[in-house]
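Okay, structure first, notes after.
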Amino acid sequence: MDRAGTDAARDALRAFGVERGEITPLAGGLSQGTWKVRSADRAYVLRRHDDPRHPPAHVVSELVWLDALGDPPTLPTPVPVRRKNGDLAPVIEPGSGGRPPTLWTLLRWVDGETLGRLPNEHEAGLIGSLLAALHGRAKRWSPPPGFVRPVYDRAHFAAATRELLLRIGDRLGERPRLAIDAAARRSADTLEQLDHDPAEGGLIHADLHGDLHGDLHGGNVVYRGEPRRAGAIDFARCGFGCWALDVAMAQHYLTDDLSDPLLDAYLAAFPLSPDARRALPRLRFLAAVENLAILAAVPDEAEFVVSELAPLATRAERLGR
């Protein structure tokens with residue numbers, strides 16, 4: 643962070659009532675800066691929101707959901723810090739020279755460790771238990787008026803499919819391209835059928851996973867305590883969708899032998915309908931397409947994306963049988 647950025651960060655911290663603190667950059671997501679802040683008595687995560695796809699209403703709504711999760715604080719999730727005036731709202735840094743305003747938020751640090759590897763079966767099960775607990779809280783919670791978050795529906799995944807196929811250009815032949823497109827359409831049909839039943843979904847995390855390929859970030863799950871439990875540390879993608887889609891998104895980042903322990907632990911605490919369980923393979927395919935569409939926009943990930951196209955096409959053909 644340059645001098646101007648450091649000054650802006652410290653101005654934001656003061657608005658949250660943190661006068662002094664050591665600021666250390668963290669590996670973050672694609673379009674959001676994150677820093678760990680150590681004050682005399684507490685640790686925080688300071689976030690700079692500069693993605694135009696997430697307007698202030700989205701950011702405020704994320705804070706509202708995190709605040710609800712922290713009351714009572716039974717789950718290891720970040721608790722948002724209110725501004726000194728008591729408002730649950732971001733600090734807004736005015737834009738200039740055509741640049742839009744920058745939003746800053748501050749969350750309490752969630753203690754725990756990331757793995758630096760794929761989870762084992764027990765740890766995968768802990769992710770499933772955490773996801774079930776989040777869904778249980780979401781099912782019992784009613785969003786207040788003005789609550790706005792992304793919707794993970796047919797239109798969302800249709801756009802992701804178009805984006806992926808556009809970005810990969812001629813790196814894939816016509817037959818596998820058609821297979822991927824057809825499988826995505828059929829999978830979106832399945833998702834749409836689930837979305838028609840309000841009981842099948844609600845507010846989902848949409849990004850619960852451990853360590854990912856490469857250095858994009860170290861995952862959104864930390865492990866802590868005895869007995870060991872999992873905590874979620876990043877809710878930037880939370881939005882509305884079906885419960886099974888959230889499970890499939892978490893399974894997407896795991897090998898097949900780890901997907902079952904996650905699902906078993908989840909189902910022990912939160913039910914999925916028979917239709918939702920049958921839909922999981924197709925929903926995992928949609929998760930794979932969306933993930934590659936996101937990575938395809940990152941130049942450093944081009945080689946990885948290309949390496950995943952043939953396996954994705956094989957999965958598409960298998961789903962079509």
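Count along the sequence shown starting at 1, add 642, and that's the number in our numbering. Positions of the beta carbon are idealized from the N, C-alpha and C atoms, including for glycine.
Local conformation of residue i per DSSP, three classes
i: Tyr865; result: strand
i: Ile875; result: coil
i: Leu757; result: coil
i: Val687; result: strand
i: Leu845; result: strand
i: Arg680; result: strand
i: Arg813; result: helix
i: Trp746; result: strand
i: Gly881; result: strand
i: Val889; result: helix
i: Val752; result: coil
i: Thr648; result: helix
i: Gly728; result: coil
i: Thr716; result: coil
i: Thr666; result: strand
Nearest candidate by alpha-carbon position, reference residue i, set the options
i: Arg871; options: Gly739, Gly663, Leu749, Ile769; result: Ile769
i: Pro720; options: Pro903, Asn933, Ala878; result: Ala878
i: Phe927; options: Leu745, Leu711, Gly815, Arg827; result: Arg827
i: Asp888; options: Leu914, Ala910, Val702; result: Leu914
i: Ala654; options: Arg684, Gly728, His700, Glu735; result: Glu735
i: Pro743; options: Ala780, Pro697, Leu773; result: Pro697
i: Gly778; options: Ile846, Arg924, Leu850, Gln835; result: Ile846
i: Trp746; options: Phe799, Ala939, Leu922, Ala731; result: Ala731
i: Ala848; options: Ala935, Pro818, Asn727, Ala886; result: Ala886
i: Ala921; options: Leu773, Glu763, Ser829, Leu934; result: Ser829
i: Ala685; options: Asp692, His691, Thr666; result: Thr666
i: Leu998; options: Thr832, Gly815, Val864; result: Nothing about residue 998 can be read from this structure; the chain reaches only from 643 to 963.
i: Glu945; options: Ile810, Glu834, Ala874, Asp729; result: Ile810
i: Gly883; options: Glu805, Pro903, Val733, Leu833; result: Leu833
i: His756; options: Pro941, Asp898, Glu661, Leu850; result: Per the sequence shown, the amino acid found at residue 756 is Thr instead of His. The shortest Cα separation from Thr756 among Pro941, Asp898, Glu661, Leu850 belongs to Leu850.
i: Leu711; options: Pro916, Asp899, Asp917, Ala874; result: Ala874
i: Leu773; options: Val940, Leu904, Pro916; result: Leu904
i: Ser784; options: Ser949, Val706, Asp683, His691; result: Val706
i: Gly972; options: His691, Pro786, Ala939; result: Only positions 643 to 963 of the chain appear in the structure, and residue 972 is not among them; the question remains open.
Cutoff 6 Å; reference residue i; Cβ partners in own chain excluding five residues on either side
i: Ser901; result: Gln893
i: Pro792; result: Gly881
i: Ala650; result: Glu735
i: Pro818; result: Ala955
i: Arg652; result: none
i: Val733; result: Ala654, Ala657, Trp746
For residue j and residue i, the rounded distance between their alpha carbons
i: Thr676; j: Thr648; result: 12 Å
i: Glu664; j: Ser681; result: 7 Å
i: Leu954; j: Asp753; result: 36 Å
i: Arg919; j: Pro715; result: 30 Å
i: Leu668; j: Phe658; result: 20 Å
i: Trp751; j: Ala766; result: 23 Å
i: Arg725; j: Arg689; result: 14 Å
i: His859; j: Arg656; result: At His859 the pLDDT is 41, less than 50, meaning the model places this residue with poor confidence and gives no usable figure here.
i: Leu808; j: Val947; result: 13 Å
i: Ala775; j: Leu717; result: 8 Å
i: Lys678; j: Val687; result: 5 Å
i: Leu951; j: Arg924; result: 17 Å
i: Pro694; j: Arg741; result: 10 Å
i: Leu937; j: Arg782; result: 34 Å
i: Ala780; j: Asn762; result: 27 Å
i: Leu934; j: Gly844; result: 25 Å
i: Ala890; j: Glu943; result: 23 Å
i: Gly758; j: Gly861; result: 9 Å
i: Ala801; j: Tyr895; result: 21 Å
i: Asp623; j: Pro941; result: For residue 623 there is no data in the structure shown, the boundaries of the chain being 643 and 963.
i: Gly856; j: Leu814; result: For Gly856, the pLDDT reaches just 36, beneath the cut-off of 50, and the residue's location in the model is therefore unreliable, although a value from the coordinates is still provided. Their Cα atoms are separated by approximately 23 Å.
i: Leu816; j: Asp823; result: Residue identity check: residue 816 is Glu in the sequence provided, not Leu. Rounded to the nearest angstrom, the two C-alpha atoms are 10 Å apart.
i: Arg804; j: Thr897; result: 26 Å
i: Asp729; j: Asp795; result: 32 Å
i: Leu806; j: Val660; result: 42 Å
i: Asp713; j: Asn727; result: 20 Å
i: Ser949; j: His764; result: 29 Å
Cut-off 8 Å between Cβ atoms - residues of its own chain near residue i, not counting five sequence neighbours on either side
i: Leu708; result: Thr719, Pro720, Val721, Pro722, Leu749, Phe877
i: Ala821; result: Ala955, Ala958, Glu959, Gly962
i: Ser771; result: Arg871, Ala872, Ala907, Tyr908, Ala910, Ala911
i: Ala797; result: none
i: Phe799; result: Ala826, Ser829, Ala830, Leu833, Leu928, Val931, Glu932
i: Gly739; result: none
7 Å Cβ shell around residue i - same chain, five flanking residues per side excluded
i: Ala825; result: Phe927, Ala958, Leu961, Gly962
i: Asp917; result: Leu836
i: Asp683; result: none
i: Pro786; result: Val706
Distance cut-off 6 Å: residue i Cβ against heavy atoms of the ligand NAP
i: Lys678; result: Ligands in the displayed structure: none, and consequently the ligand NAP is not present.
Between the stretch 779-791 and the stretch 694-704, can you find at least three pairs of beta-carbon atoms closer than 8 Å? yes
Kindly confirm or deny that the stretch 829-839 and the stretch 860-870 touch, where touching means at least three C-beta pairs closer than 8 Å. no
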